[in-house]
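Working notes, beginning with the structure itself.
Protein chains: 2
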Amino acid sequence: VHYLALDVGGTSTRAVVVEADGRCVGYGTSGGGNPTASGGEEAAAAIAAAARVATAAAGAHADGIPAAVVAIAGESGLAGEPLRRALAATRLACDVVFENDVLATYHSGSLAAGGYAIVAGTGAVAIRLEGSRVVATVDGLGWLLGDAGSGFWIGRRVVRAVAAALDGRRPPTALAPPLLAELGIGADGPRADGRPAVLQALVDATYQLRPVELARFARLAFDAEAAGDEAASEIVAAAARALAVTGAAIASPDVATGPIVLGGSILARQPALADSVVTAMRAAGVAGPATTVPDGLAGAAVLALRRGGVAVDEAVFGRIRSSLATLR
Amino acid sequence: VHYLALDVGGTSTRAVVVEADGRCVGYGTSGGGNPTASGGEEAAAAIAAAARVATAAAGAHADGIPAAVVAIAGESGLAGEPLRRALAATRLACDVVFENDVLATYHSGSLAAGGYAIVAGTGAVAIRLEGSRVVATVDGLGWLLGDAGSGFWIGRRVVRAVAAALDGRRPPTALAPPLLAELGIGADGPRADGRPAVLQALVDATYQLRPVELARFARLAFDAEAAGDEAASEIVAAAARALAVTGAAIASPDVATGPIVLGGSILARQPALADSVVTAMRAAGVAGPATTVPDGLAGAAVLALRRGGVAVDEAVFGRIRSSLATLR
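Note that the protein sequences, when read in sequence, are chains A and B. Reading the first sequence from the start, the letters are residues 73 to 400 in the numbering used here. Reading the second sequence from the start, the letters are residues 73 to 400 in the numbering used here.
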């Protein structure tokens, strides 16, 4: 018997087919599957594609899968009709259950009934589990209202810092050359109303993007910070503070020894930011072990097995993680 | 002979018909006419409506107007085809010339060939004039890239501060009750994943808006600041600093005695922020007189007369301003 699990992100989607003993036997990836970030049709197509690749790799038949879980931000409410159509086209005979993607991240790192997951990728969010249920959520409010310390939050500050520098409001920053290069903006031209042509080109290029796409410029901040740039260092330090606030806000004395699972590209790749979160949670009285996970796929597999009525113990969990590691 | 001048803003559009001696003889208003904020068709309709009302009030015939000026952000480049069609329907026989709206604001306060205009309304921008030409522009980069200290900038921080407070990341703020009331969000309900229902309702309501619409929440910051709220005070203080940076960046020793014209709803209604800008410019060596204007309509009339070949001296300028004041 095969179970299907998907972990849907804004820039990539991952799928795995797992057996009842925890062995992962098929793996597939595709593009971003978040309907908010990519649009409903594109997101649905990405999710269906990852599911097809994983089931084909497993030699599994869609009609022999008793349970399928899709871990996705915003869960089913955001997923909508295009996603249901695309999943119907995969001929899964079972119902597809949507799960909180942050819960999946948590279960990529732990089976414990009480604990924390903090994710900073394109967005930023933290949850607290008690009795295996999500009892508190902090942030995860999206690019306009929240996501403090996230990839978008950092990337937005990168483009604003470069704009302010080109504008004469701030000193020059090492963030400018790589940002302009990435946007294909070349040498400066004539000024219009005293505004540098490169700045006008930056405006034109940036407003072509969906806001969340600014997340891709976050890594420029880390590169420039490492090179000692002041504007970049300010951005990274502010992100560390913002994520620490989120960590402190999710901490509770009721879950003092639960694990802290850190996920998302920002926390996975920036140990200093991960340290900032953990330090704030330690100060708030959380003593549990901290671990970093690459994504929510192993946890989605845990949730799929549970949905299929399979009890997931530490042996099964260990098999999920080790076999999944060999498939990627 | 009649000349037509329009001052187009994101929330309202104003039109005036002016005679060669400066007497304003027809006035009209309509809704927001900025294509970026309102969409091309709605913006064009607003602009045409204001023009019709003003020409009708003046008893002017559209085919007897030798010059018409439309002062608009982004100028003709953003105005586009719907606006050209809407203006054609007004049967103006003359060409319509698009002018920089900040230049119109400047000429609402001064005819001097060298000086400054700083505008903070929905957006925020500063220009410097030398020899009656705009030689420098600072900010005005829009909600995503700049507009530091603007109504949007403040309004965005208001909703983020309320979200952070409802989330437990920040202490409660007096900004919350009026914001929730304005969005029609009532008493709290059951929590989903530990997130307060009012917070989810705030997310749902806010993402329905166009980003620039958040500017309408800026006044909540000033109200709550006056009542001593800490989050609001931080926002207003940060706006004052941001606008001071813009003022300092536009200041030049080459235009040390030119006037400082302040415009836009934020600077017109918040003397403390206007003081912050002027103080920063004084510190940067600008000694010219500071004046606040309600909008760019008088300046648009100046530009329309000039386009029509009329020399605008202080007597004409005085007549524009006094007769316009009686019409509104």
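Virtual Cβ for every residue (Gly too), placed ideally from N, Cα, C.
Per-residue contacts from residue i into chain A (C-beta, under 7 Å)
i, result
"Val317 of chain B", "Arg241"
Between the CA atoms of residue j and residue i - distance to the nearest angstrom
i, j, result
"Thr83 of chain A", "Asp367 of chain A", "12 Å"
"Asp385 of chain B", "Leu183 of chain B", "8 Å"
"Ala118 of chain B", "Ala158 of chain B", "9 Å"
"Ala362 of chain A", "Gly335 of chain A", "11 Å"
"Leu377 of chain A", "Gly261 of chain B", "33 Å"
"Leu150 of chain A", "Gly105 of chain A", "Residue confidence is low: Leu150 of chain A scores 46 on pLDDT, short of 50, so the model does not pin down where it sits. Its coordinate-derived value is still stated next. Spanning the two alpha carbons is a distance of roughly 11 Å."
"Ala145 of chain A", "Arg232 of chain A", "27 Å"
"Met353 of chain A", "Gly100 of chain A", "35 Å"
"Ala372 of chain A", "Ala120 of chain A", "16 Å"
"Ala387 of chain B", "His74 of chain B", "18 Å"
"Val97 of chain A", "Ile338 of chain A", "29 Å"
"Ala323 of chain A", "Ala237 of chain B", "16 Å"
"Ala346 of chain B", "Gln272 of chain A", "27 Å"
"Ser148 of chain B", "Ala189 of chain B", "Its pLDDT being 45, under 50, Ser148 of chain B is placed unreliably by the model, and the measurement read from it follows with that caveat. For Ser148 of chain B and Ala189 of chain B, the distance between alpha carbons rounds to 20 Å."
"Asp219 of chain B", "Gly212 of chain B", "5 Å"
"Ala328 of chain A", "Thr351 of chain A", "14 Å"
"Gly330 of chain B", "Arg263 of chain A", "22 Å"
"Leu375 of chain A", "Asp326 of chain A", "24 Å"
"Ala321 of chain B", "Phe389 of chain A", "59 Å"
"Ile257 of chain A", "Val270 of chain A", "7 Å"
"Pro406 of chain A", "Ile199 of chain A", "Residue coverage of chain A in this structure runs from 73 to 400, which leaves residue 406 of chain A outside it and unanswerable."
"Ala160 of chain A", "Arg313 of chain A", "44 Å"
Spatially closest choice to residue i from the options, by CA coordinates
i, options, result
"Gly193 of chain B", "B:Arg341, B:Val89, B:Phe389 and B:Ala299", "B:Arg341"
"Phe224 of chain A", "A:Asp173, A:Pro283, A:Thr177 and A:Gly390", "A:Pro283"
"Leu315 of chain A", "B:Arg241, B:Arg379, B:Arg393 and B:Ala128", "B:Arg241"
"Ile137 of chain A", "A:Val89, A:Ala387 and A:Ala264", "A:Val89"
"Arg205 of chain A", "B:Ala145, B:Arg267, B:Ala130 and B:Gly100", "B:Arg267"
"Asp167 of chain B", "B:Thr177, B:Leu375 and B:Val141", "B:Val141"
"Leu252 of chain B", "B:Ser305, B:Val191, B:Pro325 and B:Leu274", "B:Leu274"
"Ala139 of chain A", "A:Ser348, A:Gly112, A:Glu297 and A:Leu76", "A:Leu76"
"Pro250 of chain A", "A:Glu114, A:Pro154, A:Ala356 and A:Ala299", "A:Ala299"
"Phe170 of chain A", "A:Thr398, A:Asp79, A:Ala370 and A:Glu306", "A:Asp79"
"Ala287 of chain A", "A:Asp93, A:Val317, A:Ala320 and A:Arg228", "A:Arg228"
"Ala246 of chain A", "A:Ala130, A:Ser305, A:Leu217 and A:Ala264", "A:Ser305"
"Ser348 of chain A", "A:Ala259, A:Leu375, A:Ala397 and A:Val308", "A:Val308"
"Gly111 of chain A", "A:Gly390, A:Leu217, A:Pro243 and A:Glu285", "A:Glu285"
"Gly195 of chain B", "B:His179, B:Leu216 and B:Gly187", "B:Leu216"
"Ala132 of chain A", "A:Thr162, A:Ala115 and A:Ala321", "A:Thr162"
"Ala208 of chain B", "A:Asp265, A:Ile199, A:Glu113 and A:Gly187", "A:Asp265"
"Pro69 of chain A", "A:Gln280, A:Ala397 and A:Ala296", "Outside the shown range of chain A, which is 73 to 400, sits residue 69 of chain A, and nothing can be said about it."
"Pro343 of chain A", "A:Phe294, A:Thr318 and A:Val317", "A:Phe294"
Interface residues of chain A facing residue i [CB-CB closer than 8 Å]
i, result
"Gly266 of chain B", "Ile199, Arg200, Val206, Val207, Ala208 and Thr209"
"Tyr279 of chain B", "Gly214, Leu216 and Leu217"
"Ala321 of chain B", "Asp239, Gly240 and Arg241"
Beta-carbon proximity of residue i to residue j, cut-off 7 Å
i, j, result
"Asp173 of chain B", "Ala126 of chain B", "no"
"Ala122 of chain B", "Ile226 of chain B", "no"
"Asp239 of chain B", "Val365 of chain A", "no"
"Ala248 of chain B", "Val234 of chain B", "yes"
"Val191 of chain A", "Thr177 of chain A", "yes"
"Arg22 of chain A", "Ser395 of chain A", "Because chain A here runs from 73 to 400, residue 22 of chain A falls outside it and cannot be looked at."
"Leu292 of chain A", "Ala277 of chain A", "no"
"Arg221 of chain A", "Ala311 of chain A", "Checking the sequence, you will find Gly at residue 221 of chain A rather than Arg. Contact: yes."
"Gly360 of chain A", "Ile332 of chain A", "yes"
"Val382 of chain A", "Ala92 of chain A", "yes"
"Ser102 of chain B", "Ala370 of chain B", "no"
"Gly24 of chain A", "Leu201 of chain A", "Absent from the structure is residue 24 of chain A, since the part of chain A shown begins at 73 and ends at 400."
Chain-ordered neighbours of residue i on chain B, where CB pairs are closer than 8 Å
i, result
"Val275 of chain A", "Leu213, Gly214 and Leu217"
"Asn172 of chain A", "Asp265"
"Ala143 of chain A", "In chain order: nothing, as chain B lies at least about 13 Å away."
Beta-carbon neighbours of residue i, restricted to chain B and to distances below 9 Å
i, result
"Arg232 of chain A", "Leu213, Leu216, Leu217, Gly218 and Ala220"
Chain A residues whose Cβ lies nearer than 9 Å to that of residue i
i, result
"Pro283 of chain B", "Leu216 and Pro283"
Chain-ordered chain B contacts of residue i [CB-CB under 7 Å]
i, result
"Ala312 of chain A", "Going along chain B, no residue has its Cβ under 7 Å from Ala312 of chain A, so there is no contact; the nearest lies around 15 Å."
"Ala303 of chain A", "None at all; the shortest Cβ gap to chain B is about 13 Å."
"Ala235 of chain A", "Leu213, Leu217 and Gly218"
Ignoring anything shorter than 4 residues or poking outside the region 193-265 of chain B, list the alpha helix (DSSP H) runs there in chain order. 214-217, 223-238 and 248-254
Quick check on the DSSP output: what are the complete alpha helix (DSSP H) runs of length 4 or more inside the region 316-388 of chain B, in order along the chain? 337-341, 343-355 and 369-379
Quick check for students: name the residue ranges of the beta strand (DSSP E) that lie wholly in the region 84-156 of chain A, counting only runs of 3 or more. 84-91, 96-103 and 139-144
In chain order, what are the residue ranges of uninterrupted alpha helix (DSSP H) at least 4 long that sit wholly in the region 270-298 of chain A? 290-298
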